[in-house]
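Going by numbering that gives the first Met the number 0, the first residue of the sequence shown is number 0, and it counts up by one from there.
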Amino acid sequence: MVKKKIIACQVFADELLAVLPEEYRGIDITWLDPGLHWNLDKLEITLKQALQDAATEGTNARVLFGNGCHPDMCQIINNHSGKILEAKNCLEAFCDESIDGLEQNRSMIITPGWVRCFPNMMAAAGWDEVDIRQNFGRYDRFLLMDTGINPLSDEEILEFYDLTQVPVEIRQISLDYFQAKLSEVLG
């Protein structure tokens, strides 16, 4: 049986480690910086290198990125005989509800992992506080999908609000949907 390796966006870190099936507890995981999303060329190069490394190691790559994180994501993965998570982005991987429906009324869906990676993503984008407020000012709220694994502290929520000036509403969700998606990609 060929060994598997996970290549994952760091946004998934807490939840992935919480639901990783017992038989995969020793699996090698390559974490990629979510800031790569701001430079598609760099994302492609980094992802291809991680996939090539997996092939060199004789492992089958399982990729935990959304298939919409790069315009050629599925082609990149298929060209390296990998298997990708069946979700457009990290948020769809956690939520069995329609993201479009949840994002009505000027809402943006986020997760604790996304918020924790936010400073790196904004640095990669070259954004300052003004850029952040201009780009997120169109939202009336952030809907934080919290699995309860590593919830944001009150301080983290306040810091995020201070930076974006957009209120954060918390919704508790189960990890069942993400666990099912993970099982599909690992299978």
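Glycine included, C-beta positions come from ideal geometry on N, C-alpha and C.
Of the choices the options, whose alpha-carbon is the least far from that of residue i?
i	options	result
Pro-111	Phe-135, Ala-86, Asn-104 and Asp-145	Asp-145
Phe-159	Gly-100, Val-114, Val-62 and Asn-119	Val-114
Ala-7	Gly-57, Leu-63, Ala-122 and Gly-186	Leu-63
Leu-142	Asp-130, Ala-86, Ile-156 and Trp-37	Ile-156
Asn-59	Gly-65, Gln-51 and Asn-66	Gln-51
Ala-124	Asp-175, Gln-171 and Trp-37	Trp-37
Tyr-138	Val-1, Pro-166 and Ala-12	Pro-166
Ile-169	Gly-147, Ala-179, Lys-180 and Val-184	Gly-147
So, helix, strand or coil for residue i, using DSSP?
i	result
Ser-106	strand
Thr-55	helix
Trp-30	strand
Phe-141	strand
What span of residues does the beta strand (DSSP E) with residue i cover, start to end?
i	result
Cys-89	From DSSP, Cys-89 is part of no beta strand (DSSP E) but of the alpha helix (DSSP H) over 89-93.
Ala-7	3-8
So residue i is in the alpha helix (DSSP H); what residue range does that whole segment cover?
i	result
Glu-128	128-135
Glu-21	Where Glu-21 is concerned, there is no enclosing alpha helix (DSSP H), given that its DSSP letter is neither H nor E.
Verify whether the separation of the beta carbon atoms of residue i and residue j is less than 8 Å.
i	j	result
Lys-4	Asp-27	yes
Gln-164	Gly-136	yes
His-69	Leu-42	yes
Leu-90	Ile-98	yes
Ile-131	Leu-151	no
Counting Cβ pairs, one atom from each stretch, are 3 or more of them under 8 Å apart for the region 72-80 and the region 89-109?
-> no
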